[in-house]
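Residue numbers (my numbering), protein chains in the order written: chain B, 1 to 118; chain C, 1001 to 1118. For glycine and all other residues, C-beta sits at the position ideal for the given N, C-alpha and C. Quick caveat, the model's predicted, so the values are computed rather than measured. A quick write-up on the structure given underneath.
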DNA sequence: ACTATACATATCTATATAGGAATATGTCAA
DNA sequence: TTGACATATTCCTATATAGATATGTATAGT
């Protein structure tokens, strides 16, 4: 199998830095493609393609305005990532590692047989 | 160019669901590879490869214990993702879209010329 | 010395990129 | 209607997967 498609979910979509940049710009509000092209310093077709990916995972929405298309942010899909990270917030906070070490000692050296029921 | 390597950063590493699963299991503490294999229901070589990716981005650390290798979580690299998401938390909260619509109206219909200085 | 166990690595294959370049589509303006 | 402008799509290519399979390496037990 190959890697999951970038359009699979928000996780895959925002793994690409350019796409995060696009979302960052859209934080300030609706923008036409041309603004994004200028902001990213990338060629227009590439920006359009990134926008397609973002659209497919629902991270942006489009609105037509004459010959321009105004893109706007929709953060909802990002909630999945945020929710997943919830369980890890402790793991990068100060003193977490020290705490872990203490727990480790208390627990009594070794383990790792919790799944041996097969 | 191709897609960025999975080992580029935490964003790319955790885009793969299996790797998130591995981290989830490690939340409960250090585990030997075999436990992860059983927990994921995946073949051992695949698990080892996922662990390699996680090791390369610093999301896990290893400790030798006889013929086993005990893997433990290191959440630090996840902070980058969390930090990036900080700027978006408002965007998925209740009533955000309604708020946006109001702001849009107040602002006066169209815009999109903030980058025309070229 | 054997053999089983635990884990890593190498090899193969199909697939989906990201960017570049060219082109298509649609809209506005004179 | 002709042309400039805004955006999307198509085609091309190099590359890195994820899983499957086979094999390598080290440690433990007898």
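In whole angstroms, what is the alpha-carbon distance linking residue i and residue j?
i: residue 75 of chain B; j: residue 14 of chain B; result: 12 Å
i: residue 1054 of chain C; j: residue 1008 of chain C; result: 10 Å
i: residue 1024 of chain C; j: residue 1049 of chain C; result: 17 Å
i: residue 3 of chain B; j: residue 1016 of chain C; result: 8 Å
i: residue 1018 of chain C; j: residue 79 of chain B; result: 19 Å
i: residue 1035 of chain C; j: residue 93 of chain B; result: 27 Å
i: residue 39 of chain B; j: residue 67 of chain B; result: 20 Å
With a CB to CB cut of under 8 Å and the five nearest residues on each side skipped, what residues in its chain are close to residue i?
i: residue 1069 of chain C; result: 1032, 1033, 1062, 1063
Cβ closer than 8 Å: which chain B residues qualify as neighbours of residue i?
i: residue 1087 of chain C; result: 24, 27
Let me know if residue i comes out buried or exposed under the rule of 16 or more other beta-carbons within 10 Å of its beta-carbon.
i: residue 1010 of chain C; result: buried
i: residue 52 of chain B; result: exposed
i: residue 1087 of chain C; result: exposed
i: residue 1083 of chain C; result: exposed
Using a Cβ cut-off of 7 Å, pull out every chain C residue sitting near residue i, in sequence order please.
i: residue 14 of chain B; result: 1011
i: residue 73 of chain B; result: 1091
Which same chain residues end up closer than 7 Å to residue i when comparing Cβ atoms and leaving out the 5 residues on each side of it in sequence?
i: residue 1058 of chain C; result: 1074, 1076, 1077
i: residue 1026 of chain C; result: 1060, 1071, 1072, 1073
i: residue 1037 of chain C; result: 1044, 1047
Run down chain B in chain order and give the residues with a C-beta less than 7 Å from the C-beta of residue i.
i: residue 1020 of chain C; result: 84
i: residue 1079 of chain C; result: 92
Check the Cβ of residue i against every Cβ in chain B and list those closer than 9 Å, keeping chain order.
i: residue 1050 of chain C; result: In chain order: nothing, as chain B lies at least about 12 Å away.
Nearest to residue i by CA position, among the options, is which residue?
i: residue 85 of chain B; options: C:1035, C:1020, C:1016; result: C:1020
i: residue 42 of chain B; options: B:22, B:28, B:29, B:56; result: B:22
i: residue 1001 of chain C; options: B:56, B:46, B:5; result: B:46
i: residue 81 of chain B; options: C:1005, C:1030, C:1012; result: C:1012
i: residue 1005 of chain C; options: C:1092, C:1066, C:1056, C:1065; result: C:1056
Residues of chain C with CB closer than 9 Å to the CB of residue i, please, in chain order.
i: residue 3 of chain B; result: 1003, 1006, 1015, 1016
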